[in-house]
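Peer 1: The structure is given below, and queries will be raised subsequently.
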Amino acid sequence: MNLLDVVKQDHLSKNVETQPKFKSGDTVAVHSRIKEGDKSRIQVFKGTVISIKKAGDLEGHFRVRKVSSGIGVERVFPFHSPNVEKIEVVQRGKSRRSKLYYLRDRSGKSARIAIDYDKKD
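Quick look at the structure:
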């Protein structure tokens, strides 16, 4: 085992094994830990997954987008971050692309993703 493997083993998160399988187009609720001063709390960020990069790797992350008060908000969550407490899949989406960056330019009905009723959990 070389030095890079040792460093990767130290930074792996234990929550990755409990995370559900999801893909781009799915609506997820990400429970993340927010630290304010000396207090910390859990905040839920619910939105559509628009991209996933390197899902099984230490450098892997996923991007979630939601519209809040008419303004689009995106957050990037690393898979192995200790601040990501839990990920819940709220709704399965039917998507034919792996990157849904075109949703940034759309609003209203054209920004919807069809629900995938055939997908089993």
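All residue numbers for the sequence shown refer to our numbering, where the first residue is 89 and numbers rise by one.
All C-beta atoms, glycine included, are put in the ideal place defined by N, C-alpha and C.
Three or more C-beta pairs under 8 Å: does that hold for the stretch 191-201 against the stretch 116-123?
Peer 2: The stretch 191-201, when compared against the stretch 116-123, does not touch it at the 8 Å Cβ threshold.
Peer 1: Does DSSP put A202 in a helix, a strand or coil?
Peer 2: A202 falls in the strand class under three-state DSSP.
Peer 1: Give me the Cα-Cα distance between A202 and N90, rounded to the nearest whole angstrom.
Peer 2: Between A202 and N90, the C-alpha separation is close to 46 Å.
Peer 1: Do S183 and S112 have their C-beta atoms closer together than 7 Å?
Peer 2: A contact, by the Cβ cut-off of 7 Å.
Peer 1: Along the chain, which unbroken stretches of the beta strand (DSSP E) at least 3 residues long are found entirely within the stretch 127-151?
Peer 2: Runs of the beta strand (DSSP E) inside the stretch 127-151: 127-141.
Peer 1: Considering Q179, what are the terminal residues of the beta strand (DSSP E) in which it resides?
Peer 2: Its beta strand (DSSP E) spans residues 172-179.
Peer 1: Does DSSP put G160 in a helix, a strand or coil?
Peer 2: G160 falls in the strand class under three-state DSSP.
Peer 1: Could you tell me whether the Cβ atoms of S139 and K187 are closer together than 7 Å?
Peer 2: Against a cut-off of 7 Å, the Cβ pair of K187 and S139 comes out as a contact.
Peer 1: Could you give the first and the last residue of the continuous beta strand (DSSP E) run that contains K123?
Peer 2: It spans 115-124 - the beta strand (DSSP E) in which K123 sits, taken as one unbroken run.
Peer 1: Does DSSP put K96 in a helix, in a strand, or in coil?
Peer 2: It is helical.
Peer 1: Within its chain, find whatever has a CB closer than 8 Å to the CB of I51; leave out the 5 residues flanking it on each side and keep chain order.
Peer 2: One cannot answer for residue 51 here, as it falls past the ends of the chain, which runs 89 to 209.
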